[in-house]
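Protein chains in written order, with the numbering used here: chain A, 2 to 248; chain B, 2 to 248; chain C, 2 to 248; chain D, 2 to 248. Note that beta-carbon positions come from the ideal geometry of N, C-alpha and C, so glycine has one too. Structure first, then comments.
Protein chains: 4
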Amino acid sequence: MESARRLVERIIDNGDSRAGRAFDLTIQALIVGSLLAFPIETMPQISEELRRWLRYFEVFTVAVFTVEYLLRIWVAPNRLRFIFSFFGVIDLLAILPFYLALGVDARSLRAFRLFRLIRTFKFVRYNQAVRRFWRAITLAREEIVLFLGVAMLMLYFSAIGIYYFEHEAQPEAFANVFDSLWWAVVTLTTVGYGDIYPITVGGRIFTFFVLVTGLGIVSIPTGLLASALSKARELEEKESPADREEP
Amino acid sequence: MESARRLVERIIDNGDSRAGRAFDLTIQALIVGSLLAFPIETMPQISEELRRWLRYFEVFTVAVFTVEYLLRIWVAPNRLRFIFSFFGVIDLLAILPFYLALGVDARSLRAFRLFRLIRTFKFVRYNQAVRRFWRAITLAREEIVLFLGVAMLMLYFSAIGIYYFEHEAQPEAFANVFDSLWWAVVTLTTVGYGDIYPITVGGRIFTFFVLVTGLGIVSIPTGLLASALSKARELEEKESPADREEP
Amino acid sequence: MESARRLVERIIDNGDSRAGRAFDLTIQALIVGSLLAFPIETMPQISEELRRWLRYFEVFTVAVFTVEYLLRIWVAPNRLRFIFSFFGVIDLLAILPFYLALGVDARSLRAFRLFRLIRTFKFVRYNQAVRRFWRAITLAREEIVLFLGVAMLMLYFSAIGIYYFEHEAQPEAFANVFDSLWWAVVTLTTVGYGDIYPITVGGRIFTFFVLVTGLGIVSIPTGLLASALSKARELEEKESPADREEP
Amino acid sequence: MESARRLVERIIDNGDSRAGRAFDLTIQALIVGSLLAFPIETMPQISEELRRWLRYFEVFTVAVFTVEYLLRIWVAPNRLRFIFSFFGVIDLLAILPFYLALGVDARSLRAFRLFRLIRTFKFVRYNQAVRRFWRAITLAREEIVLFLGVAMLMLYFSAIGIYYFEHEAQPEAFANVFDSLWWAVVTLTTVGYGDIYPITVGGRIFTFFVLVTGLGIVSIPTGLLASALSKARELEEKESPADREEP
Chain A
2 MESARRLVER IIDNGDSRAG RAFDLTIQAL IVGSLLAFPI ETMPQISEEL RRWLRYFEVF
62 TVAVFTVEYL LRIWVAPNRL RFIFSFFGVI DLLAILPFYL ALGVDARSLR AFRLFRLIRT
122 FKFVRYNQAV RRFWRAITLA REEIVLFLGV AMLMLYFSAI GIYYFEHEAQ PEAFANVFDS
182 LWWAVVTLTT VGYGDIYPIT VGGRIFTFFV LVTGLGIVSI PTGLLASALS KARELEEKES
242 PADREEP
Chain B
2 MESARRLVER IIDNGDSRAG RAFDLTIQAL IVGSLLAFPI ETMPQISEEL RRWLRYFEVF
62 TVAVFTVEYL LRIWVAPNRL RFIFSFFGVI DLLAILPFYL ALGVDARSLR AFRLFRLIRT
122 FKFVRYNQAV RRFWRAITLA REEIVLFLGV AMLMLYFSAI GIYYFEHEAQ PEAFANVFDS
182 LWWAVVTLTT VGYGDIYPIT VGGRIFTFFV LVTGLGIVSI PTGLLASALS KARELEEKES
242 PADREEP
Chain C
2 MESARRLVER IIDNGDSRAG RAFDLTIQAL IVGSLLAFPI ETMPQISEEL RRWLRYFEVF
62 TVAVFTVEYL LRIWVAPNRL RFIFSFFGVI DLLAILPFYL ALGVDARSLR AFRLFRLIRT
122 FKFVRYNQAV RRFWRAITLA REEIVLFLGV AMLMLYFSAI GIYYFEHEAQ PEAFANVFDS
182 LWWAVVTLTT VGYGDIYPIT VGGRIFTFFV LVTGLGIVSI PTGLLASALS KARELEEKES
242 PADREEP
Chain D
2 MESARRLVER IIDNGDSRAG RAFDLTIQAL IVGSLLAFPI ETMPQISEEL RRWLRYFEVF
62 TVAVFTVEYL LRIWVAPNRL RFIFSFFGVI DLLAILPFYL ALGVDARSLR AFRLFRLIRT
122 FKFVRYNQAV RRFWRAITLA REEIVLFLGV AMLMLYFSAI GIYYFEHEAQ PEAFANVFDS
182 LWWAVVTLTT VGYGDIYPIT VGGRIFTFFV LVTGLGIVSI PTGLLASALS KARELEEKES
242 PADREEP
């Protein structure tokens with residue numbers, strides 16, 4: 002019994018062994034398949050047969066994830082701790098909606114399907130990029146939060162200002178400050194859909210000043226994230242210098 | 002009396018003590034609340050009751066800010082100097098519109114409401130990000146101004162050029178150079194609303210060259226600000242190295 | 002015979018000699034000419050005579066490229082190895098469509114013309130920028146792939162989310178998750194054509210959060226490429242320090 | 002006579018002396034005034050009187066620039082060399098159109114007015130930012146040219162590709178490869194006016210791949226310019242370290 006537990010542990014917790022790598026790849030393939038199946042289900046024109054096969058795939062995926070979850074509980078040194086850990090909760094949430102949906106009325110099934118997306122967080126465990134990304138965010142957390150705050154202030158001022166310039170000329174488009182906030186978001190990120198834009202001379206001059214001062218502010222958190230990311234990589238390389246070969 | 006003054010001073014000027022931190026957080030919460038109340042007031046569909054409660058909140062906020070302002074004058078080592086300092090003026094401007102609006106005709110009240118936004122500058126005092134941001138701007142002031150100048154020249158040339166290419170084909174959209182300037186701003190910041198764009202072959206080729214040369218120029222002040230910001234952080238860390246823990 | 006081969010080798014493989022440089026420039030000019038002829042052929046309004054001249058130019062270009070290909074095989078130390086090398090295959094693919102098109106029905110000729118574009122890859126051989134660019138991509142390959150993965154996940158989540166917010170309000174524009182994916186691509190790259198955008202309050206707030214978190218993520222691969230490029234330049238300078246003069 | 006020449010030389014060539022600085026500022030103010038007068042003239046609704054005053058200002062400006070030009074020839078150590086130098090030619094071109102317009106038919110006057118813009122290049126002499134900018138471009142000239150080449154190739158491929166995907170579905174919008182090129186420019190710079198965009202599934206997937214690979218390429222010349230600029234500043238600081246005070 003104990004040796005079986007050891008064997009399972011080596012497979013699901015150790016990505017370096019051959020069996021462990023195969024196990025990781027299988028789980029990842031199932032997550033990706035699950036992610037790809039989701040958009041296809043939203044298409045109204047797919048045939049009944051394809052819909053049935055997607056349903057079979059869904060049942061199979063949940064079955065594998067359930068076995069994986071139970072095995073992880075079994076091999077955990079401290080079972081309660083695993084169940085309430087971040088990955089334990091994610092693993093449970095990834096399968097729970099399926100079982101809950103079995104016991105309830107079919108009509109409310111659609112809302113539950115959305116929870117299936119939580120499954121993608123399982124991906125985090127297997128993905129080095131996500132891990133490094135997370136580390137970068139942790140490194141620059143304080144700063145990114147502070148400058149996101151400044152960016153929010155900038156958005157707020159822009160929204161109030163454009164409201165005073167454009168509300169009278171375009172009472173529909175700039176009906177209230179929330180519409181102006183939408184304008185501010187779309188403009189300062191330079192997306193510029195074209196659904197809402199200033200037409201008065203005052204509003205255009207204001208937009209000019211908002212863009213001149215705002216573009217710099219809005220792009221700062223992005224810059225902070227980029228430099229935090231290179232710091233995270235440096236730290237990673239220091240910890241495991243053998244991992245990276247020089248090309 | 003003197004000890005009371007000391008006590009007040011310790012609370013409103015010293016964010017490190019427990020009472021001081023609580024005081025700071027209260028003032029900040031009131032500023033944020035005041036900022037959030039403003040957009041809600043612009044919505045025409047809100048009920049009379051909600052409008053009344055927003056008004057009560059406004060009176061309460063101004064009352065607290067008035068008391069804060071008077072206390073700051075009281076504890077200031079040099080009272081006149083505080084009154085005419087940057088923060089002294091901001092603190093006064095944040096409450097003055099409310100009192101002025103009391104004595105005047107209700108119709109002109111709307112314009113005064115705009116001045117309430119000055120209150121947000123009180124935020125600056127409490128916000129580390131704004132302070133660091135200000136420092137970065139001071140560090141790179143000379144350069145940012147110089148390159149904003151180059152960017153302005155670029156906008157100007159683009160506007161004149163597109164006017165000559167598009168004025169005849171689109172006499173409404175490109176009616177004069179000011180309309181072209183609006184086009185230049187929207188294009189070189191890559192916002193691109195789609196309300197005004199070239200349709201002639203010459204105008205499109207010109208736009209191509211403007212974008213090729215202009216995107217680099219327009220993004221330089223942003224880059225200068227970003228590098229000034231990292232300099233400002235380094236200076237801050239040198240001054241108070243104990244503030245930042247290594248993760 | 003052997004001396005003739007040596008001479009040819011010195012010309013086509015050695016860009017430093019005078020004849021070699023002239024040969025390189027000729028081939029490059031023909032590639033550029035071929036590239037420029039292509040768009041002109043797509044214009045329906047060009048005269049029959051111009052079309053005939055473009056055809057003559059095409060025949061001439063392919064003839065030169067064929068001679069070049071045969072000479073390269075002739076002078077190669079290991080002929081089979083050259084034929085199956087990257088540049089060998091590109092050189093063959095650049096001329097093959099023309100000969101295949103001679104033997105087939107004129108109607109399917111149009112599809113073959115697209116393959117002519119492969120010819121531009123011949124350009125890679127002669128272009129230092131492309132070579133350095135390739136090196137930069139090789140240097141940062143692993144990282145760029147990882148963060149492109151994160152960006153893909155971000156696009157996926159945005160598409161699923163906006164589908165749930167906007168599908169009911171705009172059943173035409175957001176008909177299925179694939180339409181939402183198009184919206185996510187256009188929005189997160191800040192292109193913002195304006196053909197598809199959220200109109201519900203929930204969808205707009207979601208867009209705000211998507212932009213705040215997504216802009217940073219999408220721009221990371223670009224940043225990685227830029228820093229890899231400066232690394233590639235440093236390596237190049239170390240290898241041939243005499244090539245670059247200090248201004 | 003010689004001492005008068007020395008005096009004039011000190012004023013117009015030496016921006017460090019008091020009189021020299023005043024002279025520089027006057028010329029710069031006239032250039033700025035001349036630039037501002039230009040867009041106002043394009044407005045059809047301005048009064049005849051304002052138009053007359055703008056004309057008087059124009060005559061005055063040209064008179065001052067003419068005197069400046071003659072004085073510069075007078076004090077130049079080598080007069081012919083000055084006349085054919087970059088700034089000599091610019092100074093002449095800035096006044097020449099005015100004199101040529103005097104002798105010709107009033108109808109062709111409008112075209113000459115465009116040449117007045119050359120006057121802005123006089124600005125270059127007085128503007129430190131423009132000088133540093135120029136230096137940065139000189140430093141990174143070779144690289145910027147190379148990567149602009151790669152960006153051009155990218156635009157070209159995108160245009161050809163989208164033409165094949167969208168030509169049949171939108172024969173008007175994507176009529177030929179030149180329209181596709183316009184689409185490629187507007188999309189890869191992320192301007193996205195919304196006047197032309199793909200609607201087929203193939204075209205949208207192609208756009209996705211173009212954006213994923215192209216955004217990085219298009220932004221590289223900008224990044225190169227930014228880093229060249231910081232190099233130029235370092236060189237400047239080395240040459241005149243006393244100019245910059247530490248804040």
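Cut-off 7 Å between Cβ atoms - residues of its own chain near isoleucine 96/C, not counting five sequence neighbours on either side: Val63, Phe66, Thr67 and Tyr70
Straight-line gap, valine 219/C to alanine 229/A (C-alpha atoms, nearest Å): 15 Å
CB-CB length for valine 192/B against threonine 27/A, believed under 8 Å: So it is not a contact: roughly 46 Å between Cβ atoms.
Integer-rounded CB distance, given that tyrosine 198/C should sit under 8 Å from aspartate 196/A: 6 Å
Cβ separation of arginine 7/D and tryptophan 75/D, assumed to be a contact under 8 Å, to the nearest whole Å: With 8 Å as the limit, arginine 7/D and tryptophan 75/D do not qualify as a contact, their Cβ atoms being about 11 Å apart.
Cβ-based contacts, 8 Å cut-off: residues of the stretch 187-205 of chain B near chain A: Val187, Thr190, Thr191, Val192, Gly193, Tyr194, Gly195 and Asp196
Residues that asparagine 177/C contacts on chain A, provided the C-beta gap is smaller than 8 Å: Pro40, Thr43, Met44 and Pro45
Validate contact between the stretch 171-190 of chain A and the stretch 208-226 of chain A using beta carbons, cut 8 Å, 3 pairs: yes
Sequence-distant residues of its chain with Cβ nearer than 6 Å to leucine 156/C (five each side left out): Ala185
Residue environment, alanine 112/B, which counts as buried when at least 16 other CB atoms sit within 10 Å: With a pLDDT of 49 at alanine 112/B, under the threshold of 50, the predicted position of this residue should be treated as unreliable, though the coordinate-derived value follows. Looking at its Cβ environment, which holds fewer than 16 other Cβ atoms inside 10 Å, alanine 112/B is exposed.
Proximal residues to leucine 72/D (C-beta, below 8 Å), its chain only, five neighbours per side dropped: Val9 and Ile13
Contacting residues, own chain, Cβ-Cβ under 6 Å from glutamate 50/B (five flanking each side not counted): none
Residues, ordered as in the chain, of the stretch 227-242 of chain B that lie near chain A by beta-carbon distance below 8 Å: Ala227, Leu230, Ser231 and Arg234
Coarse secondary structure for threonine 67/A, derived from DSSP in three states: helix
Arginine 136/D versus asparagine 79/D - alpha carbon distance: 25 Å
Cutoff 8 Å: threonine 223/A Cβ touching any chain C Cβ: yes
Beta carbon of phenylalanine 207/C nearer than 8 Å to that of phenylalanine 166/C: yes
Leucine 36/A at chain C interface by Cβ criterion, 8 Å: yes
C-beta atoms of glutamate 42/D and leucine 55/D nearer than 8 Å: yes
Opening and closing residue of the alpha helix (DSSP H) in which isoleucine 221/D lies: 202-240
Any chain B beta carbon closer than 8 Å to glycine 217/A: yes
Nearest-angstrom beta carbon gap, threonine 139/D and alanine 170/D [assumed within contact, 8 Å]: Not confirmed; about 47 Å, so no contact.
Inter-residue spacing [alpha-carbon to alpha-carbon] between leucine 149/A and serine 159/A: 15 Å
Whether isoleucine 145/B touches alanine 227/D by CB criterion (8 Å): no
Below-8 Å beta-carbon distance, serine 220/D vs any chain C residue: yes
Opening and closing residue of the alpha helix (DSSP H) in which glycine 195/D lies: Careful: glycine 195/D lies outside any alpha helix (DSSP H) and carries neither H nor E.
For glutamate 143/D, the nearest candidate out of Phe179/D, Glu173/D, Leu225/D and Leu103/D (CA to CA): Leu225/D
Residue from Val33/C, Phe179/C and Ile91/C whose Cα sits closest to the Cα of valine 151/D: Val33/C
Own chain residues within Cβ distance below 7 Å of isoleucine 84/B, not counting five before or after: Ile74
Pairwise C-alpha distance: alanine 20/A and arginine 234/C: 42 Å
Short CB-CB distance (under 8 Å) between tryptophan 183/A and chain C: yes
Own chain residues within Cβ distance below 8 Å of arginine 11/C, not counting five before or after: Ser18, Ala20 and Gly21
Contact under 8 Å by Cβ, leucine 87/B with proline 40/D: Contrary to the premise, residue 87/B reads as phenylalanine rather than leucine in this sequence. Result no, Cβ atoms of phenylalanine 87/B and proline 40/D do not sit closer than 8 Å.
Any C-beta of chain A under 8 Å from that of arginine 108/B: Low per-residue confidence applies at arginine 108/B: pLDDT is 43, beneath 50, and the placement is therefore not dependable, though the value from the model is reported in the following sentence. Taking Cβ atoms only, chain A never reaches closer than 8 Å to arginine 108/B, which makes this a no.
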